[in-house]
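These protein sequence lines are chains A and B, in that order.
The first sequence runs 0 to 407 under numbering that gives the first Met the number 0.
The second sequence runs 0 to 92 under numbering that gives the first Met the number 0.
What follows is one structure encoded as structure tokens, with my remarks underneath.
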Amino acid sequence: MTQASLGESVVQKVVQAQNNGVAASATQTQPLWLLAEVTYRCPLHCAFCYNPTDYDKHTQNELTTEQWIQALRDARKLGAIQLGISGGEPLLRDDIEDIVIEAKKLGYYSNLITSGVGLTEKRIQAFKDGGLDHIQLSMHDITEEINNFITNTKTFELKKKVAAMIKGHGYPMVLNVVIHRYNIGHMKQILEMADALGAEYIELANTQYYGWSLVNRSQLMPTKEQVDEAERITNEFREKSGSKMKIFFVVPDYFSDRPKKCMNGWGEVFMIVTANGDVLPCHSARVLPNMQFPNVKDTGLEYSWKDSPAFNKYRGTDWMKEPCRTCDEKEKDLGGCRCQSFLLTGDAEAADPVCSKSPHHHLIEKAIEDSKNPVLAAQPIVFRNDKNSKKIIAGEFKELVDEFHALP
Amino acid sequence: MENPIQHTDIYALAHHHRFQWEEAQQSYVILFPEGMVKLHGGAGEVLKRLDGKANVGEIVADLKVTFPDADEIESDIIGMFELAVSKGWLRKV
Chain A
0 MTQASLGESV VQKVVQAQNN GVAASATQTQ PLWLLAEVTY RCPLHCAFCY NPTDYDKHTQ
60 NELTTEQWIQ ALRDARKLGA IQLGISGGEP LLRDDIEDIV IEAKKLGYYS NLITSGVGLT
120 EKRIQAFKDG GLDHIQLSMH DITEEINNFI TNTKTFELKK KVAAMIKGHG YPMVLNVVIH
180 RYNIGHMKQI LEMADALGAE YIELANTQYY GWSLVNRSQL MPTKEQVDEA ERITNEFREK
240 SGSKMKIFFV VPDYFSDRPK KCMNGWGEVF MIVTANGDVL PCHSARVLPN MQFPNVKDTG
300 LEYSWKDSPA FNKYRGTDWM KEPCRTCDEK EKDLGGCRCQ SFLLTGDAEA ADPVCSKSPH
360 HHLIEKAIED SKNPVLAAQP IVFRNDKNSK KIIAGEFKEL VDEFHALP
Chain B
0 MENPIQHTDI YALAHHHRFQ WEEAQQSYVI LFPEGMVKLH GGAGEVLKRL DGKANVGEIV
60 ADLKVTFPDA DEIESDIIGM FELAVSKGWL RKV
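Printed below as a string of structure tokens:
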């Protein structure tokens, strides 16, 4: 018996918030996956954060509890079923308990995506009572040194405590580890740590380059050899440990010949409502030029999903130009990521430069070369924090964002 | 096969998995961390009979009564159990 005769894996999400890909087999235009980026405020300052570098603009105009609850109701009517409550750090809002209760009432399968900072016994008990289905905890490394360095905070001990708290409340242990140059050499130890914590799921999410991680690309990118070795270790661990821990290894697109089918297609299964109410088909869509994204303060989600020009713009394949238009693989990856195309080439409709058929593929090769350049690697990392966001908005760090066609 | 499905076995949905009817999709689904599976009609019929008490043999018998015209329904049902167990959607009670 094949899986096809039983059912289809509609959205087997192998990538999450830190990345922009959602792998899936089926296409249907229903926003099955709703990501609520409830705030951009965050106590961590991770160098690899995909959030927009100008997030500081959106920290004073967050949606109210009532607006979030309305958004959950409207999305559910459109077929949304998997709910991610993310950020920033969602726990910085004090109404996550209310959002969780409403999500349960509506029949969502809800997931709190958190750094763990702000999770207390009292709050986790309220989430449990309210019907939150699981908690995804970000971990950074097995060493205190790297954890504290890459997040620019002292959070190492806290994360271990929070992991125990999650387990203690009967939640599945779902870990997310963003992989970059500083922790890729610790893959085996990271997997052993996950195993020791009793993790049921672990996502090893190789950094993809959007937002802050694009600004810090030369400092974060590992070598191809390191990625291959990390994948080998992961496969070896997977064989040895069997099925008790599901391991998702998210391959970094820069080292592939073909682009990812970003978000499983523009406006196919994924919808994001951001802290200030913008409705987006992917995390970084606001970098695209000449696009007016709907906002829940002005229009309903049904209009956003079905009728807004922004959501319809890159659905399907009609918008494509060469080499995608006549490519026999165009249905497979839908030309990759529009944001990546625009950020790197200045043309959102160009083939994703990750593709070896792209006339801009040299940009990816150059980025890989740059990451081996010791001078660039030694430049200080721009950590994700309010101060740096304000500076970027004010036009500082120009030399770091100059080569991109929009503020990452 | 390592653990063949026995008629006397009782299965339940795996921990942290949820089975529900989705109106928007007009189908049953299984939800779990980071994923979801949309079930075809027959699979939904089997899953909704898992109450933690009925064993495989009883579910087969019940489905035979409900769908008297379905050919070879038993091997389909057993195959479904095998797959669902291998995917980690079901656990043995």
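Note that the Cβ used here is the ideal one computed from N, Cα and C, for glycine as well.
Owing to the predicted nature of the structure, the values given are computational and were not obtained by experimental measurement.
Residue i burial status per 10 Å Cβ neighbour count (16 or more: buried)
{"i": "Thr38 of chain A", "result": "buried"}
{"i": "Asp50 of chain B", "result": "exposed"}
{"i": "Ala25 of chain A", "result": "Bear in mind that the predicted position of Ala25 of chain A carries a pLDDT of just 37, short of 50, making it too unreliable to give a figure here."}
{"i": "Thr7 of chain B", "result": "exposed"}
{"i": "His417 of chain A", "result": "Lying outside 0 to 407, the shown extent of chain A, residue 417 of chain A is not represented and no answer is given."}
{"i": "Ala23 of chain A", "result": "Here Ala23 of chain A scores only 37 on pLDDT, less than 50, and its place in the model is too uncertain to base an answer on."}
{"i": "His14 of chain B", "result": "exposed"}
{"i": "Gly20 of chain A", "result": "In this prediction, Gly20 of chain A scores a pLDDT of 32, lower than 50, which makes its location untrustworthy; the coordinate-derived value is nonetheless stated afterwards. By the neighbour-count rule (16 or more Cβ atoms within 10 Å), Gly20 of chain A is buried."}
{"i": "Arg40 of chain A", "result": "buried"}
{"i": "Val64 of chain B", "result": "exposed"}
{"i": "Pro30 of chain A", "result": "buried"}
{"i": "Lys245 of chain A", "result": "buried"}
{"i": "Arg90 of chain B", "result": "exposed"}
{"i": "Ala46 of chain A", "result": "buried"}
{"i": "Asn231 of chain A", "result": "Asn is not the amino acid found at residue 231 of chain A; the sequence shown has Arg there. The residue is exposed, with fewer than 16 neighbouring Cβ atoms inside 10 Å."}
{"i": "Pro429 of chain A", "result": "What is shown of chain A runs 0 to 407, which leaves residue 429 of chain A out entirely."}
{"i": "Trp20 of chain B", "result": "exposed"}
{"i": "Gln207 of chain A", "result": "buried"}
{"i": "His139 of chain A", "result": "buried"}
{"i": "His16 of chain B", "result": "buried"}
{"i": "Gly241 of chain A", "result": "exposed"}
{"i": "Leu136 of chain A", "result": "buried"}
{"i": "Gly169 of chain A", "result": "exposed"}
CB-CB length for residue i against residue j, believed under 8 Å
{"i": "Cys354 of chain A", "j": "Arg257 of chain A", "result": "6 Å"}
{"i": "Ile134 of chain A", "j": "Thr113 of chain A", "result": "6 Å"}
{"i": "Glu202 of chain A", "j": "Val249 of chain A", "result": "7 Å"}
{"i": "Gly335 of chain A", "j": "Lys223 of chain A", "result": "About 19 Å; that fails the 8 Å criterion."}
{"i": "Val272 of chain A", "j": "Glu36 of chain A", "result": "7 Å"}
{"i": "Lys329 of chain A", "j": "Met319 of chain A", "result": "6 Å"}
{"i": "Ala23 of chain B", "j": "Gly78 of chain A", "result": "3 Å"}
{"i": "Trp463 of chain A", "j": "Pro280 of chain A", "result": "The first residue shown for chain A is 0 and the last is 407, placing residue 463 of chain A beyond what the model contains."}
{"i": "Ala162 of chain A", "j": "Leu196 of chain A", "result": "5 Å"}
{"i": "Val478 of chain A", "j": "Thr52 of chain A", "result": "Any property of residue 478 of chain A remains undetermined from this structure, which presents chain A solely from 0 to 407."}
{"i": "Leu71 of chain A", "j": "Glu101 of chain A", "result": "6 Å"}
{"i": "Tyr54 of chain A", "j": "Ile80 of chain A", "result": "Contact flag wrong, Cβ pair sits at about 28 Å."}
{"i": "His282 of chain A", "j": "Tyr181 of chain A", "result": "Not really, about 22 Å apart at Cβ, beyond 8 Å."}
{"i": "Ile183 of chain A", "j": "Ala229 of chain A", "result": "5 Å"}
Strand pairing of residue i, partner residues [DSSP]
{"i": "Ile246 of chain A", "result": "A:Ile201"}
{"i": "Lys329 of chain A", "result": "Paired residue(s): none; Lys329 of chain A is not in a bridge."}
{"i": "Phe18 of chain B", "result": "B:Ile29"}
{"i": "Ala269 of chain A", "result": "Checking the sequence, you will find Phe at residue 269 of chain A rather than Ala. Per DSSP, A:Trp32."}
{"i": "Asn175 of chain A", "result": "A:Ser137 and A:Glu202"}
{"i": "Ile112 of chain A", "result": "A:Gln135"}
{"i": "Gly83 of chain A", "result": "A:Leu34 and A:Asn110"}
{"i": "Asn294 of chain A", "result": "A:Asp277"}
{"i": "Leu12 of chain B", "result": "B:Leu89"}
{"i": "Gly241 of chain A", "result": "For Gly241 of chain A, which the question treats as bridged, DSSP gives no partner whatsoever."}
{"i": "Met35 of chain B", "result": "B:Leu30"}
{"i": "Asn146 of chain A", "result": "Note: Asn146 of chain A sits in no beta bridge, so no partner."}
{"i": "Asn54 of chain B", "result": "B:Ile9"}
Chain-ordered chain B contacts of residue i [CB-CB under 7 Å]
{"i": "Gly106 of chain A", "result": "Gln19"}
Chain B residues whose Cβ lies nearer than 8 Å to that of residue i
{"i": "His282 of chain A", "result": "Here the premise fails: no neighbours, minimum Cβ distance about 17 Å."}
{"i": "Pro171 of chain A", "result": "His14, His15 and Pro32"}
Within chain A, partners of residue i - CB distance below 9 Å
{"i": "His6 of chain B", "result": "The premise fails here: His6 of chain B is roughly 18 Å from chain A at the closest Cβ pair, so nothing lies under 9 Å."}
Residue i CB to nearest heavy atom of the ligand SAH below 7 Å
{"i": "Val64 of chain B", "result": "No copy of the ligand SAH occurs in the structure displayed, which carries no ligand at all."}
Chain-ordered chain B contacts of residue i [CB-CB under 9 Å]
{"i": "Ser242 of chain A", "result": "Ser85 and Gly87"}
{"i": "Gln29 of chain A", "result": "Ala23 and Gln24"}
{"i": "Asn110 of chain A", "result": "Pro32 and Glu33"}
Proximity test, Cβ basis, 8 Å: residue i and chain D
{"i": "Asp252 of chain A", "result": "The chain labelled as chain D is not found among the protein chains of the depicted structure, namely A and B."}
Next on the checklist: Residues of the segment 57–83 of chain A in Cβ contact with chain B at a cutoff of 9 Å, in chain order, please.
Outcome noted: Arg75, Lys76, Leu77, Gly78, Ala79, Ile80 and Gln81
Checklist entry - In the segment 48–67 of chain B, which residues sit with their C-beta less than 9 Å from some C-beta in chain A, listed in chain order? => result none
Next on the checklist: For the segment 193–206 of chain A, list every residue whose C-beta sits within 8 Å of some C-beta in chain B, in sequence order.
Outcome noted: Glu199, Tyr200 and Glu202
Next on the checklist: For the segment 23–38 of chain B, list every residue whose C-beta sits within 9 Å of some C-beta in chain A, in sequence order.
Outcome noted: Ala23, Gln24, Ser26, Tyr27, Val28, Ile29, Leu30, Phe31, Pro32, Glu33, Gly34, Met35, Val36, Lys37 and Leu38
Checklist entry - the segment 120–146 of chain A: which residues have C-beta closer than 8 Å to a C-beta of chain B, in chain order? => result Asp132, His133 and Gln135
Checklist entry - Residues in the segment 245–264 of chain A with C-beta within 8 Å of chain B's C-beta atoms, listed in sequence order? => result Lys245 and Phe247
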